[in-house]
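Notes follow the structure.
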Amino acid sequence: MAKDSQSMDIQQALLQVATARQENKLSEGAVENIRIWLTESRYAAYAPEVVRHITAGEWKTLDDVFWTVIPFGTGGRRGRMYPIGTNAINDRTIGESAQGLADYVKDHQDESHPLACAIAYDTRHRSRHFADLCAGIMVAAGFQVYFLDDYRSTPELSFLVRQKHCSCGIMVTASHNPPSDNAVKVYWSTGGQVLPPHDKDIIDRVMSVDEIVCVDFQTALEQGKITLCKEETDKAFFTQVVRQGFRGPRDIQIIYSPLHGVGGSAVVPVLQRDGFDKVEVFGPHADPNPDFPNVPNHVSNPENPRVFDAIIERAKQIGADLILATDPDCDRMGCAAPCTLDPDSTWATLTGNQIGALLADFVLEQRQQQASLSPDHFLVKTLVTTEMIRRIGASYRVKTYGDLLVGFKWIGGVIDEQGPDRFVFGAEESHGYLVGQYARDKDGAVACMLMAEMVAGLKAAGKSLHEKMDDLYWQHGIHQERLFTLKMEGSSGKERTKALMMRFREQPPEQLGGMPVVAVRDHDDMQIRRGGETAELKGPKGDLVFLELAEEGNYVALRPSGTEPKVKFYMFAYTPPEQLADLDDGKTAMQTRLDLIERDVRAVADQY
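Throughout, my numbering is defined as the position within the sequence shown, counted from one, plus 128.
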């Protein structure tokens with residue numbers, strides 16, 4: 129009788145869904161996904177909650193969580209947490225992700241190699257719950273699980289995959305997204321995030337998952353199928369990170385902020401082992417709190433200069449030399465430093481591109497001094513990361529691989545393709561950096577260590593970090609970059625994004641910032657259109673468009689985010705070194721140019 133009643137409830141709910149579609153309260157995608165969750169047995173446990181939402185007329189919520197299926201983007205499967213929905217992070221979507229990964233790996237791994245999976249999690253709401261769930265699913269599928277039994281960083285998970293020779297890895301984190309979000313990042317046996325063709329094949333498996341089989345975490349632990357390896361892995365990870373450092377001065381005062389995330393478990397031990405004994409963890413950000421209460425808008429992103437405002441005040445009070453901050457899963461690093469060594473100096477943050485250029489030059493200089501650098505060595509960066517890194521590399525006679533889509537997984541792929549022994553430094557503009565062979569993902573801990581070493585050396589030489597940046601401008605030209613984003617949320621956001629991208633592809637502005645647009649480089653159809661002529665574009669294929677401006681080194685790029693419902697616009701301004709007369713005037717001119725370019729880009733983009 130109860131089944132008959134439930135069946136009637138579902139039939140009534142389906143009728144209400146059809147009516148809601150006719151009244152444009154639900155998108156077509158939401159209707160189809162809701163129907164699947166109400167009628168297919170694999171979603172039976174969630175049907176009552178879906179019916180409850182329908183009965184209550186919660187159409188906006190239903191459309192938000194059902195209008196599409198969360199894809200694997202540049203950072204895995206990420207989104208807002210909600211108990212139901214294909215477009216939400218919940219037990220079903222996380223479970224499907226783990227089950228699909230397990231099924232795929234089992235079919236593609238050599239039978240002689242034992243199945244193993246590394247799992248870690250961050251400080252977010254339900255991260256431990258989702259990590260336990262994933263562990264139970266992987267064990268049920270026949271995997272030995274190596275589990276970091278406390279908040280740990282994403283790069284330590286990448287390291288663990290390699291340390292234990294795992295078939296794959298799962299990191300439960302939504303990086304610097306708002307507190308409402310969570311995610312899984314999926315790693316391959318290399319320790320890097322999953323690359324094609326595996327990523328698309330895994331999502332195909334995820335979408336075909338019928339039954340999710342899971343064993344109890346504690347039971348699996350008692351049976352020895354889950355190995356807790358936090359202490360062992362911590363020690364080995366710290367050792368490998370510190371090995372990437374260089375000898376030199378260590379006499380600086382550092383303030384470090386984990387921005388309420390896991391960074392205290394990685395950055396502080398690494399700095400201490402590297403000889404920095406004057407490190408203060410910024411108190412208001414020290415608590416691993418998933419609501420990120422003491423940062424602007426509750427978004428813990430070191431890319432945002434505002435997160436440094438309160439820390440700078442503390443730095444001035446104690447006479448600190450450097451501020452370091454990492455995002456919640458500690459794979460990105462941001463910093464601030466005094467503009468001069470004058471005790472009364474003002475402070476300023478640095479962009480991800482500036483940090484990347486400074487670290488690239490520092491590592492190359494140190495390697496050159498050690499006589500451990502050759503023309504066979506290489507740097508890696510993405511297409512939307514500053515070209516200053518390429519020019520710095522050329523000055524040291526090393527190659528730069530920079531024709532890469534956004535996402536550190538592509539950098540990890542190049543490291544393995546071209547040879548880890550010859551890899552020097554990898555960077556992406558969104559504050560991600562890596563040296564060494566111990567991981568295949570960006571690492572906030574090693575970036576903090578190298579930045580501290582550089583600032584200590586500069587201080588000993590009587591120079592500030594910002595003055596060193598000016599030296600690079602004189603040598604390689606002024607490179608100024610800027611980023612802004614447009615949110616494209618909900619079921620309408622996808623169509624708006626397509627329309628906006630198409631506009632810039634097919635009807636680009638005639639000029640931006642007073643400079644003619646002379647070419648469009650489209651990485652989707654792999655064509656470059658210049659002066660009415662079309663040629664084949666060499667490079668990676670993806671939803672990325674470049675507008676080249678008349679002056680060399682000045683261009684705009686745009687792409688949909690791979691992890692959030694937004695479109696990102698990247699703007700680049702450049703003045704060659706031979707054209708520089710006054711550095712301050714040159715920097716001001718480049719900022720003015722970016723202001724004008726941004727104004728013109730927004731004039732078009734805001735129509736969507």
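Each residue gets a CB set at the ideal place from its N, CA and C atoms; glycine is no exception.
- Message: I need the straight-line Cα distance from Cys342 to Met335, nearest angstrom please.
- Response: Those two C-alpha atoms are separated by around 18 Å.
- Query: Under a Cβ-count criterion, where at least 16 other Cβ atoms within 10 Å of its own Cβ denotes burial, should Met129 be classed as buried or exposed?
  - Reply: For Met129, the predicted structure reports a pLDDT of 37, less than 50, and the residue's modelled location is therefore unreliable. A value from the coordinates is still provided. It counts as exposed.
- Helix, strand or coil at Thr282 according to DSSP, with G and I counted as helix: Residue state for Thr282 is assigned as helix, using DSSP reduced to three classes.
- Message: Within 8 Å of any Cβ in chain B, is that where the Cβ of Leu478 sits?
- Response: Chain labels in this structure do not include chain B; a single protein chain is all it has.
- Could you check the C-alpha separation between His181 and Ala685 for me, to the nearest Å? Just so you know, the alpha carbons of His181 and Ala685 end up roughly 41 Å apart.
- Message: Taking the beta carbon of Glu692 as the centre, do at least 16 other beta carbons fall within 10 Å, making it buried, or is it exposed?
- Response: It counts as buried.
- Residues sharing a beta bridge with Met461, DSSP: Its beta-bridge partners are Thr454.
- Just how far apart, CA to CA, sit Gln655 and Val729? Gln655 and Val729 have their C-alpha atoms spaced approximately 22 Å apart.
- So, helix, strand or coil for Met129, using DSSP? Low local confidence applies: a pLDDT of 37 at Met129 is under 50, so the model's placement there is unreliable, with the coordinate-based value given in what follows. Three-state result, Met129: coil.
- Through-space distance from Gly376 to Glu617, alpha-carbon basis: Inter-residue distance for Glu617 and Gly376 is about 49 Å (C-alpha atoms, whole angstroms).
- For the putative contact between Val409 and Pro424, defined by C-beta atoms under 8 Å, what is the C-beta separation to the nearest angstrom? So it is not a contact: roughly 19 Å between Cβ atoms.
- Item | His413: first and last residue of the uninterrupted alpha helix (DSSP H) it sits in | Judged by DSSP secondary structure, His413 falls within the alpha helix (DSSP H) whose first and last residues are Gly411 to Ala414.
- Just the C-alpha distance for Asp723 and Gly641, rounded to the nearest angstrom, thanks. Approximately 8 Å, taken between the alpha carbons.
- Ends of the beta strand (DSSP E) at Thr510? Counting along the chain, Thr510 falls outside any beta strand (DSSP E), and DSSP gives it neither H nor E.
- Query: If you count every other CB in all the chains shown that lies within 10 Å of the CB of Gly590, and 16 or more means buried, which is it?
  - Reply: With fewer than 16 Cβ atoms within 10 Å of its Cβ, Gly590 is classed as exposed.
- Item | Beta bridge counterpart(s) of Asp309 as assigned by DSSP | Looking at the DSSP assignment, Asp309 forms a beta bridge with Arg208.
- Start and end residues, beta strand (DSSP E) containing Ser385: Ser385: member of the beta strand (DSSP E) spanning Ile382 to Ser385, first to last residue.
- Query: Considering only residues of the same chain and omitting the five flanking positions on each side of Thr189, which have a CB-CB separation below 7 Å?
  - Reply: Annotation for Thr189: His181 place their beta carbon closer than 7 Å to its own, counting only its chain and skipping 5 residues before and after.
- Message: If distances are taken between C-alpha atoms only, which option among Val583, Cys245 and Ser308 comes closest to Tyr210?
- Response: Nearest to Tyr210 by C-alpha distance, out of Val583, Cys245 and Ser308, is Ser308.
- Query: For Arg658, does the count of other Cβ atoms within 10 angstroms reach 16, so buried, or fall short, so exposed?
  - Reply: With fewer than 16 Cβ atoms within 10 Å of its Cβ, Arg658 is classed as exposed.
- Cβ neighbours of Ile162 in the same chain (closer than 6 Å, five flanking residues each side left out): Excluding positions up to five away in sequence, the list reads Val145 and Phe194.
- Message: Between the alpha carbons of Gln400 and Asp437, how many angstroms are there, rounded?
- Response: Cα to Cα, the separation comes out at about 25 Å.
- Nearest residue (CA-CA) to Pro705, options Val159, Asn417 and Met516: Taking Pro705 as reference, the option from Val159, Asn417 and Met516 with the minimal CA-CA separation is Met516.
- Message: Helix, strand or coil, according to DSSP, for Lys615 in the structure here?
- Response: In the displayed model, Lys615 falls within a strand according to three-state DSSP.
- Message: One question on the structure: do Glu676 and Val646 come within less than 8 Å of each other, judged by their Cβ atoms?
- Response: Cβ distance < 8 Å, so Glu676 and Val646 count as in contact.
- Message: Quick check: what's the CA-CA separation for Arg727 versus Ser225?
- Response: Rounded to whole angstroms, Arg727 to Ser225 spans 41 Å at the Cα level.
- Query: Apart from the five residues on each side of it in sequence, which residues of its chain come closer than 6 Å, Cβ to Cβ, to Ala113?
  - Reply: A query on residue 113 cannot be resolved here, the shown segment of the chain reaching from 129 to 736 and no further.
- Please state whether DSSP places Leu166 in a helix, a strand or coil. Helix.
- Query: What's the gap between the Cα of Pro418 and the Cα of Ala584?
  - Reply: One C-alpha to the other measures close to 33 Å.
- Message: What does the Cβ neighbour count give for Thr221, buried or exposed, with the cut at 16 atoms within 10 Å?
- Response: Using a 10 angstroms sphere on the CB of Thr221, the tally of other CB atoms reaches 16 or more, which defines it as buried.
- Val542, enclosing alpha helix (DSSP H) - first and last residue: Its alpha helix (DSSP H) spans residues Phe536 to Gln546.
- Rounded separation between Pro466 and Gly564 - CA only: Here the alpha carbons of Gly564 and Pro466 stand approximately 29 Å from one another.
- Query: With distances taken from CA atoms, which of Thr513, Ser502, Val427 and Val512 is nearest Val526?
  - Reply: Per the Cα distances, Ser502.
- Task: Would you please state the rounded distance, in angstroms, between the beta carbons of Ile483 and Cys463? I believe it to be under 8 Å.
- Result: Contact flag correct, Cβ pair sits at about 6 Å.
- For Glu431, collect the residues of the same chain with a Cβ closer than 7 Å to its Cβ; drop the 5 residues on either side in sequence, then sort them by chain order. Taking C-beta separations shorter than 7 Å and ignoring five residues to either side along the sequence, the partners of Glu431 in its chain run Gly462, Gly480, Ser558 and His559, following chain order.
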